[in-house]
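Colleague: For the record, the sequence lines run as chains S and E. If you read the first sequence in my numbering, its first letter stands for residue 1, the second for the next number, and so on. If you read the second sequence in my numbering, its first letter stands for residue 1, the second for the next number, and so on. Ideal Cβ positions, reconstructed from N, Cα and C, are used throughout, including at glycine.
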Amino acid sequence: MGRIELSGVTVMRGGRTLIADVDMALEPGRVTVLIGPNGAGKSTALKVASGVWRASKGTAALDGRNITDFRPRELAERRALVAQGASLGFPFTVGEVVMLGASVPGFGLDASPEIAVGALATVGLAGFEARNYLELSGGERQRVHIARALCQLRAARRHGAEGQIILLDEPTASLDPAQQTQVMALCRVLATAGLTVVLVLHDLNLAAAWADVLVVLAKGKVRAVGSPRDVLTDDLLASVYDWPARVNTPPRDGEVFVLPHHARDMSFAGSDAGRDVRRG
Amino acid sequence: MNRVETRIDPMALGAQVASLPKPRGRWVLPIAGVALVIVAITSLAVGPTGITLGSLPRALMAGIGGDITDPLLRREHLVLFGIRLPRMLLGAFVGSALAVAGAMMQGLFRNPLADPGLIGVSSGAALAAVAIIALGATPALAWMRVFGFYALPVAAFVGGLVTSLVLVWIANRGGALSVATLLLSGVAIAAIAGALTGLMAYVSDDRELRDLTLWSMGSLAGSSWTKVTAILPFVAALAIVTPSLARALNGFLLGEAEAYHLGIAVERVKLVIVVTTAAAVGAAVAVAGIVGFVGLVVPHFVRLLTGPDHRMVLPVSAVLGAALVVGADVVARIIVAPAELPLGIVMAVIGGPVFLHLVLSRGVAGAD
Numbered sequence: 001m002g003r004i005e006l007s008g009v010t011v012m013r014g015g016r017t018l019i020a021d022v023d024m025a026l027e028p029g030r031v032t033v034l035i036g037p038n039g040a041g042k043s044t045a046l047k048v049a050s051g052v053w054r055a056s057k058g059t060a061a062l063d064g065r066n067i068t069d070f071r072p073r074e075l076a077e078r079r080a081l082v083a084q085g086a087s088l089g090f091p092f093t094v095g096e097v098v099m100l101g102a103s104v105p106g107f108g109l110d111a112s113p114e115i116a117v118g119a120l121a122t123v124g125l126a127g128f129e130a131r132n133y134l135e136l137s138g139g140e141r142q143r144v145h146i147a148r149a150l151c152q153l154r155a156a157r158r159h160g161a162e163g164q165i166i167l168l169d170e171p172t173a174s175l176d177p178a179q180q181t182q183v184m185a186l187c188r189v190l191a192t193a194g195l196t197v198v199l200v201l202h203d204l205n206l207a208a209a210w211a212d213v214l215v216v217l218a219k220g221k222v223r224a225v226g227s228p229r230d231v232l233t234d235d236l237l238a239s240v241y242d243w244p245a246r247v248n249t250p251p252r253d254g255e256v257f258v259l260p261h262h263a264r265d266m267s268f269a270g271s272d273a274g275r276d277v278r279r280g
Numbered sequence: 001m002n003r004v005e006t007r008i009d010p011m012a013l014g015a016q017v018a019s020l021p022k023p024r025g026r027w028v029l030p031i032a033g034v035a036l037v038i039v040a041i042t043s044l045a046v047g048p049t050g051i052t053l054g055s056l057p058r059a060l061m062a063g064i065g066g067d068i069t070d071p072l073l074r075r076e077h078l079v080l081f082g083i084r085l086p087r088m089l090l091g092a093f094v095g096s097a098l099a100v101a102g103a104m105m106q107g108l109f110r111n112p113l114a115d116p117g118l119i120g121v122s123s124g125a126a127l128a129a130v131a132i133i134a135l136g137a138t139p140a141l142a143w144m145r146v147f148g149f150y151a152l153p154v155a156a157f158v159g160g161l162v163t164s165l166v167l168v169w170i171a172n173r174g175g176a177l178s179v180a181t182l183l184l185s186g187v188a189i190a191a192i193a194g195a196l197t198g199l200m201a202y203v204s205d206d207r208e209l210r211d212l213t214l215w216s217m218g219s220l221a222g223s224s225w226t227k228v229t230a231i232l233p234f235v236a237a238l239a240i241v242t243p244s245l246a247r248a249l250n251g252f253l254l255g256e257a258e259a260y261h262l263g264i265a266v267e268r269v270k271l272v273i274v275v276t277t278a279a280a281v282g283a284a285v286a287v288a289g290i291v292g293f294v295g296l297v298v299p300h301f302v303r304l305l306t307g308p309d310h311r312m313v314l315p316v317s318a319v320l321g322a323a324l325v326v327g328a329d330v331v332a333r334i335i336v337a338p339a340e341l342p343l344g345i346v347m348a349v350i351g352g353p354v355f356l357h358l359v360l361s362r363g364v365a366g367a368d
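1. Please state whether DSSP places L232(S) in a helix, a strand or coil.
2. Can you tell me whether S361(E) is buried or exposed? The criterion is at least 16 other CB atoms within 10 Å of its CB, across all chains shown.
3. Give the straight-line distance between the Cα atoms of P338(E) and V266(E), rounded to the nearest whole angstrom.
4. Helix, strand or coil: which one does DSSP assign to G95(E)?
5. E170(S) touches chain E at which residues, Cβ-Cβ below 9 Å?
6. Closest to A348(E) by CA distance: which of V291(E), A155(E) and L304(E) is it?
7. Could you tell me which whole alpha helix (DSSP H) segments of length 4 or greater appear in the region 250-333 of chain E?
8. Can you give me the start and stop residues for the beta strand (DSSP E) that T181(S) sits inside?
9. Would the region 283-297 of chain E and the region 86-106 of chain E be scored as touching if the rule is three or more Cβ pairs under 8 Å?
10. By alpha-carbon positions, which one of V228(E), G321(E) and G160(E) ends up nearest to G294(E)?
11. Pull out every residue of the region 219-231 of chain S whose Cβ sits closer than 8 Å to any Cβ of chain E, in chain order.
12. Between the C-alpha atoms of S55(E) and L254(E), what's the straight-line distance to the nearest angstrom?
13. What does Q152(S) touch in chain E if you count any residue whose Cβ is under 7 Å from its own?
14. On the CB-based measure, 16 or more other CB atoms within 10 Å of its CB, does V31(S) come out buried or exposed?
15. Mind listing the chain E neighbours of V52(S)? Cutoff is C-beta to C-beta under 8 Å, in chain order.
16. With DSSP collapsed to three states, give me the class of R13(S).
17. List the DSSP bridge partners of S7(S).
18. Check for me: the alpha helix (DSSP H) holding A237(E) runs from which residue to which?
19. Do you know how far the Cα of P171(S) is from the Cα of L343(E)?
20. Is the CB of A265(E) under 7 Å away from at least one CB in chain S?
21. The region 293-313 of chain E: which residues have C-beta closer than 8 Å to a C-beta of chain S, in chain order?
22. Could you spell out the range, first to last residue, of the alpha helix (DSSP H) harbouring L46(S)?
23. Inspect the beta-carbon positions of V183(S) and A147(S) and report whether they are closer than 7 Å.
24. Tell me the rounded alpha-carbon separation between V228(E) and S219(E).
25. Are L6(S) and A60(S) closer than 7 Å when you measure CB to CB?
26. Look at T44(S) and V11(S) and say whether their C-beta atoms are less than 7 Å apart.
27. Chain S partners of R333(E), CB-CB under 7 Å?
28. Based on Cα-Cα distance, which residue from C151(S), R65(S) and R78(S) lies nearest to G101(S)?
29. For A246(E), which residues of its own chain have a beta-carbon under 6 Å away from its beta-carbon, when the five flanking residues on both sides are left out?
30. Please report the distance separating the alpha-carbon of I166(S) from that of R154(S).
31. Per DSSP, T32(S) forms a beta bridge with which residues?
32. Under the assumption that V319(E) contacts L29(E) (Cβ atoms under 8 Å), give the Cβ distance between them as a whole number of angstroms.
33. Hey, how far is the Cα of V97(S) from the Cα of V272(E)?
34. Taking 7 Å as the CB-CB limit, is G280(S) close to chain E?
35. Applying a beta-carbon distance threshold of less than 7 Å, which residues of chain E neighbour E96(S)?
36. Might you give, ordered along the chain, the residues of its own chain that have their beta carbon closer than 6 Å to the beta carbon of V197(S), omitting 5 neighbours on each side?
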């Protein structure tokens, strides 16, 4: 339960092909990370997987059933989204924002605020319930939205929902390194608990360290799928990002990490910043 | 390093002690109700014919038991039922409709500056209503007579609806909504509709239309039971539909995609919101002209008291909107007595500074 499969998905919008003939399986119990340069189609693939956009060609199926056949309410019980740069222009308290996650008609979460409180504790924001959302930092807001998604899934689980999916579009973008690690660790724990966890990330090292499955997208097509170790190679990164990078595998723990390479040849060549990056 | 243990079971229920703050502002609704009652009684008592508070119940109850013999009581009874009661009810309905419409538009457009008057919906409704009066006898519009005295509110509803749909189209055009675009488009629409409204007033001989202040500044001066009857079905429909939209509007505040992920049928709900607000604004404009700022001031004030949850904002706005317009009408009637100010001037004096404060404190972007 909780398996999303994209088969031959093409999305065209305003005369442009955003993704073309994409096949992708998002498995429960795994952290799947979509990477690729800007405009590669990562967010588009995520939107098709979550059912908010329809595929122009091909199908997206949740547990074998076409995702467009689900009613919004049914889907809401199965999957939650943490959108990119989610914002809110009104002075809700943090507790109220998290409770919005359970505003699906019929959840009746009002009677069980402990789910919202628990979700905030999970993202490290215990005690933030009465704070004004508009006065939070970017990183705190991001975590509030993750808590909102958790609140949605937990409330649905109380109603018997199974095989749940959480989709996060660049959830670490405004977080500091420690918070990034916390969010990735949370994703790991969610996957261990059986959820299908799907992220879009820009940070290759974060992706390499935490992904079970990496899906590399470029120009609307899937370029590679597999474990970070198998997928991340110098050649692939060079062709996908048009960016000379070196993939390293330190002998100690065997995990790959990526360093920019040939920095001196790039446009910022000669600057101290470039040299520092190269030295790692 | 990457195998950080998180001891909290991520999907555990109720692992923490529940201590979420109580919903804000539960006390606001009863207090708003009391305020409305006080303002309503004041509205009935104030006017050229003084009806003291003591004689108000007597004048109200008179006539139930048959003919009134006391001439003074008879006069008070006539003033009360013929003039003041319909005027008070009309003000209350107009205020409720505009305040609720404002709150819903602000939710739909995700911005507290979206007021039906400011973004041109009221102007579109007024233009349609004026067109019916000016051109109602022409063959093109003669069929509108089938609506009887509902022709005006129905036309205003259609005018408001068309304007709203244009605004939604503008708002959705570039993907992300620019509030500056929305407000400026509203200014343009209001200017065009206002010009056409003025033009129609001059090509028409109709006495009612000559009173341009009704359409441009809003007034309750021509209140009658007919108008109360005309607006009543719209207000009733609003009261029935609105409560079911509160949760969806909360979801909309997060963004349309997020609302969809929360299980809201976005396109259908959006259409219901647009039609409902157009009906509310249309009905209000048809009987009272363009009364600005009610939809801006009331929800803004209510959010300060209750927070932005629409399950509280909508009902409290309905009550306080009624109180504000009835109160403003009292002021309009007494401040230059025996003459009368247009209601819209009183509302602009209250609403202008609030709008300015909102713009300056949030920036036109209005987002964060």
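Modeller: The short version:
1. coil
2. exposed
3. 51 Å
4. helix
5. The contacting residues do not exist; E170(S) stays about 14 Å from chain E at best.
6. V291(E)
7. 256-261, 266-288 and 294-306
8. No beta strand (DSSP E) contains T181(S), which is instead part of the alpha helix (DSSP H) from P177 to T192.
9. yes
10. One detail in the question is off: residue 294(E) reads as Val in this sequence, not Gly. Per the Cα distances, G321(E).
11. none
12. 52 Å
13. L262
14. buried
15. A257, Y260 and H261
16. strand
17. T59(S)
18. W225 to V241
19. 50 Å
20. yes
21. R303, G307, P308 and D309
22. K42 to S50
23. no
24. 14 Å
25. yes
26. yes
27. Under the 7 Å cutoff, chain S gives no residues; its nearest Cβ is about 36 Å from R333(E).
28. C151(S)
29. H310, R311 and L314
30. 11 Å
31. V198(S) and V213(S)
32. 7 Å
33. 24 Å
34. Confidence at G280(S) is low in this model, with a pLDDT of 39, below 50, so its placement is unreliable and no value can be given for it.
35. G307 and D309
36. V31, I166, C187, L190 and A191
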